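For the sequence shown, the UniProt record's numbering gives the first residue as 1, with consecutive numbering after it. Glycine included, C-beta positions come from ideal geometry on N, C-alpha and C. Given the structure is predicted, the values throughout are model-derived calculations rather than measurements.
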Amino acid sequence: MSVLKSKLAPHFRLRVPFESGKYGSRWSNKDLDPIPPEERTWGGIDYWAYWCSDMLAPPLAATVSSVMSLGFTARETIPIVFFGFAICSVVITLTGKMGATYAVPFPVIIRSIFGMYGSFPAICIRAFVALMWTAILTVQAGNFLQRCIEAIWPSFIDFPNKFPESAGVTSAELLCIFLYWFCQTGLALMPISKLRILFWVKGVVVPPTFFALFLWAVIVTKGGGELVTGQYKITSTYMNTAYSALTGLNVIIGLFSSLAVNMPDFGRFSKNRLKGPHQFLALPIIGTLGALTPIFVTSAHSYLWGEFQWYMPLVIAKFDSRAAKFFVSASFMLATIGNQIAAGTYPFSNDVTGMAPKYINIFRATIFISLFCIVSTPWNIIKNAAGLLAFLSGYSCLMGPLAGTMVCDYYIIKKRKLDIDQLYTDRGIYWYSGGWNWRAYVSFITGFAPLLPGFAKSIEPTLNVGGAWKIYSFAWIFGFFLSMLVHYVICTYVSPPTESIIEEAVYPPQKGDVSPPVLEGEDGEAKTAYVAKEKETSDMV
1 MSVLKSKLAP HFRLRVPFES GKYGSRWSNK DLDPIPPEER TWGGIDYWAY
51 WCSDMLAPPL AATVSSVMSL GFTARETIPI VFFGFAICSV VITLTGKMGA
101 TYAVPFPVII RSIFGMYGSF PAICIRAFVA LMWTAILTVQ AGNFLQRCIE
151 AIWPSFIDFP NKFPESAGVT SAELLCIFLY WFCQTGLALM PISKLRILFW
201 VKGVVVPPTF FALFLWAVIV TKGGGELVTG QYKITSTYMN TAYSALTGLN
251 VIIGLFSSLA VNMPDFGRFS KNRLKGPHQF LALPIIGTLG ALTPIFVTSA
301 HSYLWGEFQW YMPLVIAKFD SRAAKFFVSA SFMLATIGNQ IAAGTYPFSN
351 DVTGMAPKYI NIFRATIFIS LFCIVSTPWN IIKNAAGLLA FLSGYSCLMG
401 PLAGTMVCDY YIIKKRKLDI DQLYTDRGIY WYSGGWNWRA YVSFITGFAP
451 LLPGFAKSIE PTLNVGGAWK IYSFAWIFGF FLSMLVHYVI CTYVSPPTES
501 IIEEAVYPPQ KGDVSPPVLE GEDGEAKTAY VAKEKETSDM V
């Protein structure tokens, strides 16, 4: 029957292989189904390698520069960086444990909160951020590759440019962008289980490079330079006020606010449900230490060449040593690849797969985002520190309320009890009203709406929005707690979602469970009749 359908209906030929979804529903495919117990192999050291891969990359330098553009010295910036990452790390740990407990990614977990169809807008919000960052980083990584080639063949510096200035890119830059793009796309198409090796390689290569640059900057400036010692402050229209400090904190949180909601994508690989404090400690420790390097290097650039420069490809271009230029550029290119995959390509592919599992899988979604990195002409998207500040604060306005709604619903309303099978079921307990949970959207919109005037002013500074601008200075924190509070009130006192609140959680198979029988559905799709209950065994520790 399935063969006949494939011949008669074109859309059947577009579907992912039927055997890839064990639940046999339109909400299931192999990439979205719970990770089998034997594939949950990530331990604490693997997640530290992942965070090294994600954090030690160009976005960290750009974010630190955005904070310092508010008028802060290095000594004032470091505490802001630490506390910003610490706050974000709490939420990342909470959402990561959702995926680690049920072995499913963000687009599946979010169904229990916003509804089966209601999950789509939430997925799109998160996917857009990954899409833009991946495209932007393709340009930066191409610039690192250009430095590598110039170190090997100095004549490449004089590569003839055939494009006008209005194109926003030179011939040499475009060539390097395409060369890097082929490499990045090939790695992104690898299974995530194999990409763990890439994270390990980056964890070994990149931190020493950051440390070497830090030592170089300290030695060259004889202690750090004016930017570090506080003798010089970057001119800012914000001035150094309490609100600028909150804005800086919001920028730091904004860097990983998207990962704060989709950490289940990686948490589901945990072999012990993210047990222990390592997940919380990784972000503030790695992030704060990593932030020292761009600050000191920028200060050294000013000491040597008379101007502040945060864009690392331009800093590396000034190096006299061809060996240093090559190895530092190659290391930063590796850092960018790891960041693109960890925070961009893989999360995006997971997200959009959740919207149409029968037609989209991770492989197809990765092809799409890879093509977008070229057709979007990202070299025209890259902006200065002020533009990046508006962008980071802008999407944190959405991520904060989204994370607040998720945390409240999972931990307080449902008390961490989900039915794994119902997350793949049409008109099940997570169907709510027509596939939408209106309670979650009221909570989300309530947390986001007060921030809209401030967001508008961040784009158009001439707008007069009164006190709304002050609220916007701590947009993520405000949206997170307001949405959390509203969701609690609605679900506890106004309209409890009784159909989705269960007495006993239904978990995916754990180590030691007997494999379920596989049944054949009428449409030829594989189905299972297994309902796993939680087991407290030594394997879970």
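In this structure, does DSSP put residue 419 in helix, strand or coil? strand
What residue range is occupied by the uninterrupted alpha helix (DSSP H) comprising residue 325? 322-340
Rounded distance between the beta-carbons of residue 113 and residue 405, thought under 8 Å: 6 Å
Looking at the structure shown, is residue 431 part of a helix, part of a strand, or coil, going by DSSP? coil
Using alpha carbons as the reference points, say which of 287, 450, 456, 503 lies closest to residue 419. 503
What three-state label does DSSP hand residue 507 in the structure shown? strand
Just to confirm, is the Cβ distance from residue 248 to residue 72 under 8 Å? yes
Do you know how far the Cα of residue 28 is from the Cα of residue 524? Its pLDDT being 37, under 50, residue 524 is placed unreliably by the model, and nothing is read from it.
Considering just the uninterrupted stretch of the alpha helix (DSSP H) at residue 364, what are its terminal residues? 362-375
With 16 as the cutoff for other CB atoms within 10 Å, does residue 186 come out buried or exposed? exposed
Between the CA atoms of residue 356 and residue 134 - distance to the nearest angstrom: 22 Å
Using a Cβ-Cβ cutoff of less than 7 Å, which residues in the same chain neighbour residue 544 once the five nearest sequence positions on both sides are dropped? Residue 544 lies beyond the residue range present for the chain, which begins at 1 and ends at 541; the question has no answer from this structure.
Please state if the CB of residue 269 and the CB of residue 42 are separated by a distance shorter than 8 Å. yes
Please classify residue 144 as buried or exposed, where buried requires at least 16 neighbouring CB atoms within 10 angstroms. buried
Keeping to the same chain, check which residues put their C-beta closer than 6 Å to that of residue 120; ignore five residues upstream and five downstream. 355
Using 8 Å as the threshold, is the C-beta distance between residue 378 and residue 136 below it? yes
Buried or exposed: which applies to residue 183, given that a residue is buried once 16 or more other Cβ atoms fall within 10 Å of its Cβ? exposed
Kindly provide the ranges of any alpha helix (DSSP H) runs that are 4 or more residues long and lie completely inside the segment 44-127, ordered along the chain. 44-55, 58-68, 74-102, 106-109, 111-114
If I'm right that residue 60 touches residue 291 with Cβ under 8 Å, what's the distance once you round it to whole angstroms? 6 Å
Do you know offhand how far residue 494's Cα is from residue 426's? 26 Å
For residue 495, three-class secondary structure by DSSP: coil
Under a Cβ-count criterion, where at least 16 other Cβ atoms within 10 Å of its own Cβ denotes burial, should residue 452 be classed as buried or exposed? exposed
Taking a contact to mean a Cβ-Cβ separation below 8 Å, would you say residue 298 touches residue 309 in this structure? yes
With which residues is residue 436 paired in a DSSP beta bridge? 433
So residue 209 and residue 64 are in contact, right, with Cβ under 8 Å, and what is the actual spacing, rounded? Actually they do not touch by this definition, with Cβ atoms about 17 Å apart.
Please report how far the alpha carbon of residue 197 lies from the alpha carbon of residue 448, in whole angstroms. 39 Å
Check residue 42 in the structure and name its three-state DSSP category. strand
Quick check on residue 110: buried or exposed, where buried means 16 or more other Cβ atoms within 10 Å of its Cβ? buried
As assigned by DSSP and simplified to three states, the class of residue 258: coil
According to the neighbour-count rule (16 or more other Cβ atoms, all chains shown, within 10 Å of its Cβ), is residue 199 buried or exposed? buried
Would you please state the rounded distance, in angstroms, between the beta carbons of residue 95 and residue 260? I believe it to be under 8 Å. 6 Å
Is the beta carbon of residue 334 closer than 8 Å to that of residue 202? yes
Ends of the alpha helix (DSSP H) at residue 264? 264-267
So who's on the other strand from residue 270, going by DSSP bridges? 42
Alpha helix (DSSP H) containing residue 476: first to last residue? 475-489
Over the uninterrupted alpha helix (DSSP H) stretch that includes residue 357, give me the two end residues. It is not in any alpha helix (DSSP H) - residue 357 carries neither H nor E in the DSSP assignment.
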